[in-house]
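Everything on this sheet refers to the single structure shown next.
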Amino acid sequence: MNSRLTVKLPGLTMKNPLMPGSGTFGFGDTPAAEKMDLNGLGALVIKTTTPHARKGNPHPQIAMLKNGVINSVGLTNPGVDAVVNEKLPYLRQKYPDLPIVGSIGGSSVADYRGVAQKLADSNMLNALELNISCPNVQEGGMAFGTNPQTVEEVTRKVKEVTGSIPVYVKLSPNVTDITAIAKAAERGGADGLTMINTLLGLHIDVETRESVIGNGMGGLSGAILKPLAVRMIYQVAHVTDLPIIGIGGVETVDDVLEMFLAGASAVGVGAAHFDDMEVIPHLAAQLEQRMDELNIESLEELRKEVRNEFRNED
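First residue of the sequence shown: -6, per this note's numbering; consecutive thereafter.
Take a look at the structure:
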């Protein structure tokens, strides 16, 4: 393990600072995952798991744009019991040393708490991630991640049942003030943050007069999102000491370093996998050389260089 690239976060000791966004490799059982050695990842974030099986949203679920991707997959998964009894044992047996993060979704606080407890009790995961971009049916469908009080509550309720398993809260960019959401997660006991999730978007085909995806609106990701992600990570890094897994538009090794300069402690890669399913091992292989070229001794030192002079000017 290369000590210059090693990253240590709550629950995660990673050989390199890179991990895929949730669901990129399913539960380690997608065709792409079966063709490669996932040990090249710093960690694996599995597909978001819900209390019961979900078939997903109408097709098409994904559309490629000029500088990004819009998707509305709908959290397709077999439900937490199948994940615990079938998916995780297979994954853990195949990759006994790979740090694995479980992703949790739900329609109520009780959903999150129940799924979290079952995943934590499985003893097959190193950490949990709360996907709080899901709609809260008890609050008229408003996403959990848009209300500080709800974020604090769901985080606290999950922490009550997860024991020593660290909990990361994945923040939505579809908010007015993301720092308020980050501080709410911290008050709830979060061990870390993942940011940012996709930005709600809509792309209409002028010929068909229909959305390019079957569900209408969807989550926007890819290179087009990176400046927004960097700005939000930078802002949050100035109001909390929680470790941040930065994700949003990362495609190149310089994008990785930029995330650290903004304040991230590790980096997630999502949409770039559409062009290269082995983008993480490829970036990891380039990272140390680029650090040498830029006289960067360590990633931690780079993160500590977060500057205060970037200001919001009208």
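Note that beta-carbon positions come from the ideal geometry of N, C-alpha and C, so glycine has one too.
- Secondary structure in the segment 220 to 257: the alpha helix (DSSP H) runs of 4 residues or longer, each lying completely within the stretch, are 246 to 255 in chain order.
- Sorting T155, G241, D30, E298 by C-alpha distance to the C-alpha of K163 places G241 at the top.
- Per the DSSP secondary-structure output, E122 pairs in a beta bridge with S96, Y161.
- Leaving aside the five residues that flank G61 on each side, the residues in its chain whose CB is nearer than 8 Å to its CB run, in chain order, L213, S214, G215, A216, I217, L218, G242, A264.
- R202 is classed as exposed because its beta carbon has fewer than 16 other beta carbons within 10 Å across all chains shown.
- Taking the Cα of Y227 as reference, the smallest distance to any Cα among Q279, I171, G14, D269 is reached at I171.
- Residue state for D268 is assigned as coil, using DSSP reduced to three classes.
- Taking 4 residues as the shortest admissible run, the segment 50 to 80 contains no complete alpha helix (DSSP H) segment at all.
- For the options V205, Q282, A178, the alpha carbon positioned closest to that of L235 is the one of A178.
- Here G185 is buried: its Cβ has 16 or more other Cβ atoms, across all protein chains shown, within 10 Å.
- Under the three-state reduction of DSSP output, D184 falls in the coil class, being neither helix nor strand.
- Setting aside the 5 residues that flank it on each side, Q110 is surrounded in the same chain by V154, T155, each with a C-beta closer than 8 Å to its C-beta; the list follows chain order.
- Non-local C-beta neighbours of A46 in its own chain, meaning closer than 6 Å and more than five positions away in sequence, comprise P71, G72, ordered along the chain.
- Counting the other CB atoms within 10 Å of its CB gives T43 a total of 16 or more, which places it among the buried residues.
- By the CB criterion at 9 Å, G16 and L31 fall outside the cutoff.
- For the pair V94 and L118, the CB atoms are nearer than the 9 Å cut-off.
- Ranked by how close their Cα comes to the Cα of M210, the residues G194, D198, A222 have G194 in first place.
- In this structure the segment 2 to 11 touches the segment 267 to 284; the number of beta carbon pairs closer than 8 Å is three or more.
- Under the three-state reduction of DSSP, K1 is assigned to strand.
- The beta carbon of V0 is closer than 6 Å to those of M7, P10, A259 in its chain, skipping five residues each way along the sequence.
- Taking 9 Å as the cut-off, the Cβ atoms of P92 and L5 count as close.
- Spatial neighbours of I158 in its own chain (CB-CB distance under 7 Å, excluding positions within 5 residues in sequence) are listed in chain order as G4, A113, L118, A120, L121.
- Nearest C-alpha to M225 among S204, D247, M252, V199: M252.
- Contact between S100 and N124 is ruled out by a C-beta separation of about 12 Å, above the 8 Å threshold.
- Counting along the chain, the unbroken alpha helix (DSSP H) around T143 starts and ends at 141 to 152.
- Distance between T69 and V77, taken at the CA atoms: about 16 Å.
- By the neighbour-count definition (other C-beta atoms within 10 Å, threshold 16), I197 is an exposed residue.
- Under DSSP, no beta-bridge partner is assigned to T191.
- Annotated three-state conformation of M284 is helix, per DSSP.
- With 16 or more other Cβ atoms from the protein chains shown falling within 10 Å of its own Cβ, M284 counts as buried.
- Under the three-state reduction of DSSP output, V108 falls in the helix class.
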